[in-house]
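Numbering (this note's numbering), first residue to last: 132 to 578. Beneath this line is the structure, given in structure tokens, with notes to follow.
Next comes the structure, spelled out in structure tokens:
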């Protein structure tokens, strides 16, 4: 460059003229921005269609920065490139380059499971293919999370970077908020759908538990399950070993009483509990002794339980009202508590056995006992004794035994005993505290 050209370029007149032009451009942009700012704020507050919102953002960019080409690549709520909503803001004079950018983007080989680091390869390739333009890049960030990317093409090398323009940054921030709001709406709807499905599952599961206690000759029954979540892994059931007979004859027939607990809680435990119920009900009809029932049930369920990495504890018993004899087998469940009225003390009903679903060749033993008038059996799951209070103390088995002993001496009905035990649990845990695990209790009392 010649000296006289340098003098002309850096002369006070040239600089003053340049600043005046910049001021004029700035004022024009400010005027344009003042036109669209209220509508942008309103649109951001009320929009429900993300496609229209992105189209509107592109119109704003075109209106204020018509000498620029702006490519917007948003990410969806799963963090993947939102191909359906790629937008380019460009005035009519840039239609050809707009088509070229679209073609380049469509031909770029993004992986199906998009990773953010891929965008660096894309940017490098973009700049190599459009060397005639200066390309500025900017992330669309909201609360520290990337919601997309924006690229500004300019063929005016001397112009101030658009990313330093306050109007551009304001629009960019509105774009980020809009994308985040839409992602939150989608996530909320997804959660609402899941909640509806869980509620439906909980309703179905509640129907699998007995609606009422059956009438068994000489027995006063009460039962209740309180799940920690909507779906629970606790299970109890009453099954008559004879089918196709009248209700009157069923009263004096042999009955199976079972209580079980799938490891964990929530949806997985609830699904496994439902599966186990179907298998057990089929096994019960064979009329086999309790130890054989558990052995066969373990054989049937072990593959499904092994794949789920869960196991089940279960206490199975059957009772004959005519002889008052109860047989039982235990798959490592909490032993039921038997109140012997004649001795005024509690003993545990237990038999050796392994949990269901861990050992294919597990063996089970059968126990038997004859019950007498006013004897009582309390079946329960570990959610009862594992309940903790605000200081972390457990309700534990000893406290349950003391509570049951006191209630049995007061000649309550089964339902009254059940209600008072749950009231004791609520008092122990304290206000505004929920059970940490599913808790079920069955009271079986001889009249």
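Backbone N, C-alpha and C define an ideal beta-carbon position, used for all residues, glycine too.
Tell me whether residue 488 is buried or exposed, calling it buried when 16 or more other Cβ atoms sit within 10 Å of its Cβ.
It counts as buried.
Under the rule that 16 or more other beta-carbon atoms within 10 Å means buried, what is residue 243, buried or exposed?
exposed
Can you find the residues in the same chain that come closer than 8 Å, C-beta to C-beta, to residue 189, ignoring five residues on each side of it along the sequence?
201, 203, 218, 219, 220
In the DSSP assignment, the beta strand (DSSP E) including residue 204 goes from what residue to what residue?
200 to 205
Among 255, 293, 574, 312, nearest to residue 185 - alpha-carbon criterion
If we check each option's Cα against that of residue 185, 312 comes out closest.
Assigned secondary structure, residue 212 (DSSP; H/G/I helix, E/B strand, else coil):
strand
Unbroken stretches of the alpha helix (DSSP H), 4 residues or longer, contained in the segment 458 to 537:
513 to 516
Whose CA, out of 509, 210, 299, 344, lies closest to the CA of residue 192?
Ranking the options by Cα distance to residue 192, first place goes to 299.
Closest Cα partner of residue 175 within the set 245, 260, 430, 308:
308
Looking at the structure shown, is residue 444 part of a helix, part of a strand, or coil, going by DSSP?
strand
Nearest-angstrom Cα separation, counted from residue 246 out to residue 206:
Each residue's Cα considered, the two are about 11 Å apart.
Unbroken stretches of the alpha helix (DSSP H), 4 residues or longer, contained in the segment 374 to 427
For the alpha helix (DSSP H) assignment, the uninterrupted runs of no fewer than 4 residues enclosed by the segment 374 to 427 are, from N- to C-terminal side, 378 to 382, 398 to 415.
Could you tell me whether the segment 504 to 511 touches the segment 464 to 473, using the rule of 3 or more Cβ pairs below 8 Å?
yes
Got a sec? Which residues, its chain only, sit under 6 Å from residue 560 by beta carbon, not counting five neighbours each side?
Excluding sequence positions up to five before and after residue 560, its CB lies within less than 6 Å of the CB of 518, 520, all in the same chain and listed in chain order.
Indicate the three-state DSSP secondary structure (helix, strand or coil) for residue 154 in the structure shown.
At residue 154 the pLDDT is 45, less than 50, meaning the model places this residue with poor confidence; the figure from the coordinates comes in the next sentence. Looking at residue 154 - three-state DSSP - the assignment turns out to be helix.
Have a look at residue 490 and residue 212 and give me their C-alpha separation to the nearest angstrom.
Using only the alpha carbons, I get a separation of about 47 Å.
Quick one: using the 10 Å Cβ neighbour count with 16 as the cut-off for buried, is residue 582 buried or exposed?
Only positions 132 to 578 of the chain appear in this structure, which leaves residue 582 out of reach.
Less than 6 Å between C-beta atoms, sequence neighbours within five positions excluded: which residues of the same chain meet that for residue 498?
459, 482
Name the residue from 434, 353, 493, 371 whose alpha carbon lies nearest to the alpha carbon of residue 553.
353
So is residue 322 buried or exposed if we call it buried at 16+ other beta carbons inside 10 Å?
Flag for residue 322 reads exposed.
Which term fits residue 524, buried or exposed, when burial requires 16 or more other beta carbons within 10 angstroms of its beta carbon?
By the Cβ neighbour-count rule, residue 524 is exposed, with fewer than 16 other Cβ atoms within 10 Å of its own.
My assumption, with CB atoms under 8 Å, is that residue 473 sits in contact with residue 503. Please give the rounded CB distance.
6 Å
Here's a check: name, in chain order, each residue in its chain whose Cβ is nearer than 8 Å to the Cβ of residue 426, leaving out the five neighbours to either side.
So the qualifying residues of the chain are 493, 494, 495.
Give me the Cα-Cα distance between residue 549 and residue 573, rounded to the nearest whole angstrom.
8 Å
If I measure Cβ to Cβ from residue 266 and keep anything under 6 Å in the same chain, skipping five residues before and after, which residues do I get?
258, 282, 284
Own chain partners of residue 543 with C-beta closer than 8 Å, once the 5 adjacent residues on each side are dropped
551
Quick one: Cα of residue 516 to Cα of residue 571, how far?
11 Å
8 Å Cβ cutoff met for residue 421 and residue 450
no
Closer than 6 Å by C-beta to residue 429: which residues in its own chain qualify, once you throw out the five before and the five after it? Chain order, please.
487, 493
Close-in-space but distant-in-sequence residues of the same chain around residue 197 (CB under 6 Å, 5 per side omitted):
Hits under 6 Å: 222.
Between residue 293 and residue 280, which are expected to be in contact by the criterion C-beta below 8 Å, what is the C-beta distance as a whole number of angstroms?
Not a contact, Cβ separation roughly 15 Å.
Let's test the definition: count the other Cβ atoms within 10 Å of the Cβ of residue 358 and tell me whether it reaches 16, buried, or not, exposed.
buried
Is the beta carbon of residue 453 less than 8 Å from the beta carbon of residue 383?
yes
Rounded to whole angstroms, what's the CA-CA distance from residue 575 to residue 392? Just pull it up for me.
19 Å
Beta-carbon separation (whole angstroms), residue 278 vs residue 310, contact threshold 8 Å:
4 Å
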